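**Student:** Residue numbers (this note's numbering): 27 to 406. Cβ atoms here follow ideal geometry from the backbone N, Cα and C, with glycine treated the same way. From a predicted model like this one, the values you see are computed outputs, not experimental measurements. Take this structure first; my questions come after.
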Amino acid sequence: MTASPPATAADALRHARRVVVKVGSSLVVDGESRAAALPWLAGLAEDIAALRASKRSVIVVSSGAVALGRGRLGLEKNARLDEKQAAAAVGQSLLMQAWEAALASRGMTTAQVLLTRDDTERRRRWLNARATLEALLKLGVVPVVNENDTVATEEIRYGDNDRLAARTAQLARADLLVLLSDVDGLYTADPRRNPDASHLDRIDALTPDILAMAGGANAEASVGTGGMATKLEAARIARSAGCATLIVSGLVTRPLAAVTGGARATLITAPASPMQAYKSWIAGSLEPAGTIEIDAGAASALAGGRSLLASGVRRIEGRFDRGDSVRVLSAGTAVGVGLAAYSAEEMTLILGRHSGEIEAIVGYKGPGVAIHRDDLVLSG
Numbered sequence: 027m028t029a030s031p032p033a034t035a036a037d038a039l040r041h042a043r044r045v046v047v048k049v050g051s052s053l054v055v056d057g058e059s060r061a062a063a064l065p066w067l068a069g070l071a072e073d074i075a076a077l078r079a080s081k082r083s084v085i086v087v088s089s090g091a092v093a094l095g096r097g098r099l100g101l102e103k104n105a106r107l108d109e110k111q112a113a114a115a116v117g118q119s120l121l122m123q124a125w126e127a128a129l130a131s132r133g134m135t136t137a138q139v140l141l142t143r144d145d146t147e148r149r150r151r152w153l154n155a156r157a158t159l160e161a162l163l164k165l166g167v168v169p170v171v172n173e174n175d176t177v178a179t180e181e182i183r184y185g186d187n188d189r190l191a192a193r194t195a196q197l198a199r200a201d202l203l204v205l206l207s208d209v210d211g212l213y214t215a216d217p218r219r220n221p222d223a224s225h226l227d228r229i230d231a232l233t234p235d236i237l238a239m240a241g242g243a244n245a246e247a248s249v250g251t252g253g254m255a256t257k258l259e260a261a262r263i264a265r266s267a268g269c270a271t272l273i274v275s276g277l278v279t280r281p282l283a284a285v286t287g288g289a290r291a292t293l294i295t296a297p298a299s300p301m302q303a304y305k306s307w308i309a310g311s312l313e314p315a316g317t318i319e320i321d322a323g324a325a326s327a328l329a330g331g332r333s334l335l336a337s338g339v340r341r342i343e344g345r346f347d348r349g350d351s352v353r354v355l356s357a358g359t360a361v362g363v364g365l366a367a368y369s370a371e372e373m374t375l376i377l378g379r380h381s382g383e384i385e386a387i388v389g390y391k392g393p394g395v396a397i398h399r400d401d402l403v404l405s406g
């Protein structure tokens, strides 16, 4: 049975197991000094520590590298592209120093993860990025993700970190995306100009009317490259992956604690869980590139909720790479469809072998399964 969406923003934050928090430049960088806003970052670090203390994992998506680099180099906002990329190179270390100081003060270890659009849209890079994030979270690290502005050109850029945050949430199978902003959510009209504007506490469908509100009501709400329109686009991406979104004001010392305490925010619900959305994507959005024939014992294990082991694989057909979709058959009958943990060439070498033999055969330490149960959808 599918769980009901959370009723309020506070409920969503209390019950989320994996949270992606996006922080914009206007919050990370002090407008006057053009340096990192260390007191504010320390407050957010307290919020992150509180989430982790309650057994939640947290990923941060942070803007600010270019802005910090411009401040250090004395560049203006209308700098040339090569100057902005130079500013990013200078600012990345300043940004990570700020996050390292803030998180370390609360006993947390951080790691820098630089992504471009290619990394979340090309299958092999997507798998590598997902594996890295999973490993960091298992090790108790707080990943700080940013776009790789030093090398990214227009054709591989996200253009704003709202979309990057949504893709990160999709990649990590997060169940909540928190977009910290300089407004406390979506309104029916611009509240600074229209005193009758109503705040929307909860949105269950991103209808054309809702999306149209972003173009007028909050078009000037953000000083970064995004705005309310990009936040709703990010929510749409996250929602398709089963991830709810909160649009929250970051103009307080501890913005997440404020939401838990009942502060105003906009909750955009998701119709399914991240795992349900992921399995639907596997089942219906990918064309199988090959076939794996398994024995009766393996078919029985899959029916019992287990992963497919190489020892249960009997035959391989087709040319597929790691992460490609493959059909799974047993005695000629469709069992399901899943994402291969190894290429067809490697799978041919390890079929019928025990998990402990795989590393020696393929030459590296990879998964101990042919298809992980999380990457498998059974027929029927």
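1) Grab the span of the beta strand (DSSP E) containing Thr374 for me, first residue to last.
2) Could you tell me which of Pro217, Lys110 and Val168 sits nearest to Gln138, measuring between CA atoms?
3) Should Val352 and Gly364 be called a contact, given that it needs their Cβ atoms to be closer than 8 Å?
4) Would you kindly check if the distance between the Cβ of Ala155 and the Cβ of Leu141 is under 8 Å?
5) Mind listing, in chain order, the continuous alpha helix (DSSP H) runs of no fewer than 4 residues lying wholly within the segment 101-144?
6) Work out the CA separation of Leu282 and Thr292 for me, nearest whole Å.
7) At which residue ranges does the segment 277-334 contain complete alpha helix (DSSP H) runs of 4 or more residues, listed in the order of the chain?
8) Assuming Leu272 and Ala336 form a contact by the criterion Cβ under 8 Å, report the distance between their Cβ atoms to the nearest whole angstrom.
9) Output needed for Phe346: all residues of its chain with C-beta closer than 7 Å, excluding positions within five of it in sequence on either side, in chain order.
10) Cβ atoms of Val278 and Lys48: under 8 Å apart, would you say?
11) Between the C-alpha atoms of Ala329 and Leu404, what's the straight-line distance to the nearest angstrom?
12) What is the DSSP secondary structure of Lys48, reduced to helix, strand or coil?
13) In angstroms with no decimal places, state the Cα-to-Cα distance between Val388 and Glu343.
14) Is Asp222 buried or exposed, if buried means 16 or more other CB atoms sit within 10 Å of its CB?
15) Residues in the same chain with beta-carbon distance under 8 Å from Pro65, minus the five sequence neighbours each way, listed in chain order, please.
16) Measuring straight from C-alpha to C-alpha, what distance separates Glu313 and Ala327?
17) Got a sec, what are the start and stop residues for the beta strand (DSSP E) Asn172 sits in?
18) Specify, as a first and last residue, the run of the beta strand (DSSP E) that Arg399 falls within.
19) Chain C beta carbons: is any one of them nearer than 8 Å to that of Gln196?
20) So Gly362 is in the alpha helix (DSSP H); what residue range does that whole segment cover?
**Tutor:** Put simply:
1) Element bounds for Thr374: not the beta strand (DSSP E) but the alpha helix (DSSP H), Ala370 to Ile376.
2) If we check each option's Cα against that of Gln138, Val168 comes out closest.
3) Closer than 8 Å, so yes.
4) Going by C-beta atoms, Leu141 is nearer than 8 Å to Ala155.
5) If we require 4 residues or more, the alpha helix (DSSP H) runs fully inside the segment 101-144 come out as 107-130.
6) So the alpha carbons of these two residues sit roughly 13 Å apart.
7) Those alpha helix (DSSP H) runs which fall completely within the segment 277-334 and span 4+ residues are 281-286, 300-310 and 322-329.
8) Contact doesn't hold; Cβ gap of about 42 Å is too wide.
9) Take Phe346, set aside five residues on each side of it, and the residues of its chain with a beta-carbon closer than 7 Å to its own are Ala315, Gly316, Val352, Ala366, Ser369 and Ala370, in chain order.
10) In this structure, Val278 does not lie closer than 8 Å to Lys48 by Cβ.
11) If you draw a straight line from the Cα of Ala329 to the Cα of Leu404, it comes to about 8 Å.
12) It is a strand residue.
13) Inter-residue distance for Val388 and Glu343 is about 19 Å (C-alpha atoms, whole angstroms).
14) With a 10 Å radius around the Cβ and a threshold of 16 neighbouring Cβ atoms, Asp222 comes out exposed.
15) Taken in chain order, the residues that qualify are Thr279.
16) Taking the straight line from one Cα to the other gives about 25 Å.
17) Annotation for Asn172: the continuous beta strand (DSSP E) segment containing it runs Val167 to Glu173.
18) Segment: none, Arg399 is in no beta strand (DSSP E) and carries neither H nor E.
19) The structure shown contains no chain C; it holds only a single protein chain.
20) First-last for Gly362: Thr359 to Leu365, but that is the beta strand (DSSP E), not the alpha helix (DSSP H).
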